[in-house]
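Under my numbering, the first residue of the sequence shown carries the number 12, and numbering increases by one thereafter. What follows is a set of notes on a single structure, which appears directly below.
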Amino acid sequence: MKKILITAIAVCSLSITAAQDGSFSGGFESNTQWYQDDNGLDEDGDGIGTLAPQDQLRSNNYFKLNYSNGKFTAGAQYEMYQPSPLLGYFPEYADNGIATYFANFRHKGLDITAGNFYDQFGSGLIYRSWEDHTLGVDNSIRGIRVNYQFTDYLEATGFAGNQRAAFELSEGTIQGFNTELDLGTVLDLETSINVGASYVGRYQQSTSPDPNFPATVNAYSVRSDVYMNALNFGLEYIYKDPDAFILGGSALNGNYSDGRAFLFTAGYAVPGLGINAVFRSLENMGFYSDREAQGNAFQQQTINFIPGYTKQSSYAVNNIYVYAPQALLSPAEGKAGEIGGQIDVVYTAKKGSLLGGKKGTTFSFNYANWGGLDATFDVPNNTYEASLFSRGDRYFEEYSLQVYKKLTDDFSAKVTGTQTYYDGRVIEGGTFVLNGTAIVADFLYELDKGQSLRLDLQHLSADADRGNWAAATLEYAFNSSLSIYVTDLYNYDITEIHYYSAGGSYTKGRSRIAVNYGRQRGGLICVGGVCRFVPENTGFTLNLSTNF
12 MKKILITAIA
22 VCSLSITAAQ
32 DGSFSGGFES
42 NTQWYQDDNG
52 LDEDGDGIGT
62 LAPQDQLRSN
72 NYFKLNYSNG
82 KFTAGAQYEM
92 YQPSPLLGYF
102 PEYADNGIAT
112 YFANFRHKGL
122 DITAGNFYDQ
132 FGSGLIYRSW
142 EDHTLGVDNS
152 IRGIRVNYQF
162 TDYLEATGFA
172 GNQRAAFELS
182 EGTIQGFNTE
192 LDLGTVLDLE
202 TSINVGASYV
212 GRYQQSTSPD
222 PNFPATVNAY
232 SVRSDVYMNA
242 LNFGLEYIYK
252 DPDAFILGGS
262 ALNGNYSDGR
272 AFLFTAGYAV
282 PGLGINAVFR
292 SLENMGFYSD
302 REAQGNAFQQ
312 QTINFIPGYT
322 KQSSYAVNNI
332 YVYAPQALLS
342 PAEGKAGEIG
352 GQIDVVYTAK
362 KGSLLGGKKG
372 TTFSFNYANW
382 GGLDATFDVP
392 NNTYEASLFS
402 RGDRYFEEYS
412 LQVYKKLTDD
422 FSAKVTGTQT
432 YYDGRVIEGG
442 TFVLNGTAIV
452 ADFLYELDKG
462 QSLRLDLQHL
472 SADADRGNWA
482 AATLEYAFNS
492 SLSIYVTDLY
502 NYDITEIHYY
512 SAGGSYTKGR
522 SRIAVNYGRQ
532 RGGLICVGGV
542 CRFVPENTGF
552 TLNLSTNF
């Protein structure tokens, strides 16, 4: 496979080089941090209790270069993590070299890629390969991908390859097939009805003495999405073949359990009102390209995509206790999966109305609730019984209401209230269950010549863990390109520690530079509902990015 890929890319590259016209595109991103000791042994003794790592200066760097010419495109990404990756990232990234590369050919309905590629089937519950530098995730597949558009209403995609694992490849080989049919077009309906079906399989050689050990694990999905004027809804069901149970990083012989998932989404939108709802149930849906990578803390070698459907917030106190999905089977912890969902409502009251006032008012409400499946466990034998639509213990519940109002042409305010129930024993392996109430007030004053001043005041009252928190941010924008800020998150109840930060950013065209100095609170960091743990640390940070 490797020889075929190298040959295909070389042929495409020679063809492109021989051509007279074409275009380059790409980008560079660098995230660098200089860690410092902050162990609380100074005179005031208020440090966070950390020492700088042995590699005190660390940097994650990405350089991407693509070349396009007519029907051909080729590209590569060079990555350098020197001398080590940033704290909280997969340690095996400690290297440098060409991490991903590809060659692509498109002609009419045909689309062929050799090398690394990203894709998603349906919602991603069965398969999604993606990249996010913030999380340190790159789950691209290196192999062959073929997509063919048969008609304007029917297409199919097939692929085979190995998944990226830092600068290596997964031991398991992944293959998949997906088809999409626009049934509304076929039947000439005013209602749009899209149906799809997918297959994804993993083959990984086994040395188990058990002849029934599942070297090949397949997953199948069917789904449908319907769009009717203001209303839309979707259904998806996934079944995964029995897979080995992993205990202490090793597969157990004779412990093979299948998995399944169900997803329902609905939306309603008219001028001034938008409603979105999602319901999802998962049972044993961890799916990895290396079976023994199951449950790793760095989100490496995940075949499917399972985000946490909760309210996403940029405020510090709302990001202390966030929900991380519980898709893995763990009889010893009483876990077989999860069940729950969220509803999000946005309503804008018109200008001149009772609620809208002179400038109008926007109300945003979110409710999320997640719990475990109602299951019985045989811990000594690591087996269980569960129903996909059963409900067990509550893991997470949250209500939030946000009111945004423009008070004058130059001044606006946003107030958010959040009530959270958080079972830290399940979500992060802690020893506490918490109820918390957060209030945030965010004010923006727009000055002349593109300048603005923003202030937010935050507070979290919590009855467990580290108790109460207060936070504030002051940000000044000189114009649309240059801004500076200072922020502080203070646990005044238990630890009396300030997590402060000061910095700024400058943007010019497609380039941006940002610098800051401060403390990073340890815990879950989530992007788009996907979370990873980061350790507490203190230091200088420099971020550079440019695109061309």
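All C-beta atoms in this analysis are idealised placements derived from N, C-alpha and C, irrespective of residue type, glycine included. If you're wondering where the values come from, they're calculated on a predicted model, not measured in any experiment.
For residue j and residue i, believed in contact at Cβ under 8 Å, the rounded distance
i                 : j                 : result
threonine 276     : phenylalanine 244 : 6 Å
glutamine 430     : glutamate 409     : 7 Å
arginine 213      : isoleucine 314    : 7 Å
phenylalanine 290 : glycine 352       : 4 Å
arginine 302      : alanine 272       : Not confirmed; about 18 Å, so no contact.
proline 102       : proline 96        : 7 Å
glutamine 469     : alanine 327       : 6 Å
valine 356        : phenylalanine 388 : The pair is not a contact, with the Cβ atoms about 37 Å apart (cut-off 8 Å).
6 Å CB neighbourhood of residue i in its chain, flanking five on each side removed
i                 : result
alanine 288       : Ala277, Ile354
phenylalanine 454 : Ala424, Leu466
glycine 169       : Val157, Phe188
cysteine 542      : Ala335, Leu535
asparagine 502    : Arg477, Trp480, Ile508
threonine 202     : Gly195, Met239
glycine 514       : Val526, Asn527
alanine 63        : Tyr46, Gln47, Asp48
asparagine 554    : Asn42, Ala525
Residue i versus the options, residue with shortest Cα-Cα distance
i                 : options                        : result
glutamine 337     : Tyr410, Asn380, Leu293, Asp301 : Leu293
leucine 384       : Val390, Tyr406, Tyr517         : Tyr406
isoleucine 508    : Asp236, Val526, Ala482, Ser494 : Ala482
glycine 540       : Pro391, Glu40, Asp143          : Asp143
phenylalanine 374 : Tyr267, Gly382, Tyr358         : Tyr358
serine 460        : Tyr433, Arg523, Ser492         : One point to set straight first is that residue 460 is lysine, not serine, in the sequence displayed. Here the closest residue by C-alpha is Ser492.
threonine 394     : Pro342, Asp66, Ile123, Thr442  : Pro342
leucine 98        : Thr552, Phe559, Asn558, Ser556 : Thr552
alanine 360       : Leu284, Tyr326, Glu303, Thr321 : Leu284
leucine 258       : Lys322, Ile59, Gln462, Pro391  : Pro391
glycine 520       : Gly514, Glu547, Thr557, Ile495 : Thr557
serine 140        : Tyr129, Leu68, Ser134          : Tyr129
aspartate 149     : Tyr112, Gln160, Phe116         : Tyr112
threonine 484     : Ala87, Ser325, Leu62           : Ser325
glutamate 182     : Pro222, Tyr159, Thr227         : Thr227
isoleucine 59     : Arg523, Asn554, Leu500, Phe559 : Leu500
Assigned exposure category for residue i - 16 Cβ within 10 Å defines buried
i                 : result
lysine 369        : exposed
phenylalanine 316 : buried
methionine 239    : exposed
glycine 319       : buried
glutamate 179     : exposed
leucine 471       : buried
lysine 346        : buried
glutamine 216     : exposed
isoleucine 505    : exposed
aspartate 467     : buried
aspartate 53      : Because the pLDDT at aspartate 53 is just 49, under 50, the model does not fix this residue reliably, and the point stays unresolved.
asparagine 90     : At residue 90 the sequence reads glutamate, which differs from the asparagine that was named. Under this definition glutamate 90 is a buried residue.
leucine 192       : buried
lysine 322        : buried
serine 398        : exposed
Contact under 8 Å by Cβ, residue i with residue j
i                 : j              : result
glycine 550       : glutamine 47   : yes
glycine 172       : asparagine 189 : no
glutamate 439     : leucine 366    : no
asparagine 264    : serine 235     : no
glycine 147       : tyrosine 73    : no
tyrosine 248      : valine 233     : yes
glycine 33        : serine 79      : yes
alanine 176       : glutamine 312  : yes
aspartate 163     : threonine 196  : yes
glutamate 547     : glycine 529    : no
isoleucine 123    : alanine 87     : no
glycine 120       : tyrosine 159   : yes
phenylalanine 559 : glycine 37     : yes
valine 237        : cysteine 537   : no
Chain D contact for residue i (CB, 8 Å cutoff)
i          : result
leucine 76 : The chain inventory of the structure shown lacks chain D, comprising one protein chain alone.
Cβ neighbours of residue i in the same chain (closer than 8 Å, five flanking residues each side left out)
i             : result
alanine 241   : Tyr279, Ala280, Val281
aspartate 269 : Tyr250, Lys251, Asp252, Pro253, Asp254, Asn295
histidine 118 : Lys82
Close-in-space but distant-in-sequence residues of the same chain around residue i (CB under 7 Å, 5 per side omitted)
i           : result
leucine 464 : Tyr456, Leu458, Tyr487
alanine 19  : Note on alanine 19: pLDDT 47, under 50, position unreliable in the model; no value is reported.
serine 401  : Leu384, Asp385
glycine 154 : Met12, Phe170, Ala171, Gly172, Asn173
Any non-hydrogen atom of the ligand MG within 7 Å of residue i CB
i            : result
arginine 302 : In the structure shown, the ligand MG is absent, as is every other ligand, since no ligand is present at all.
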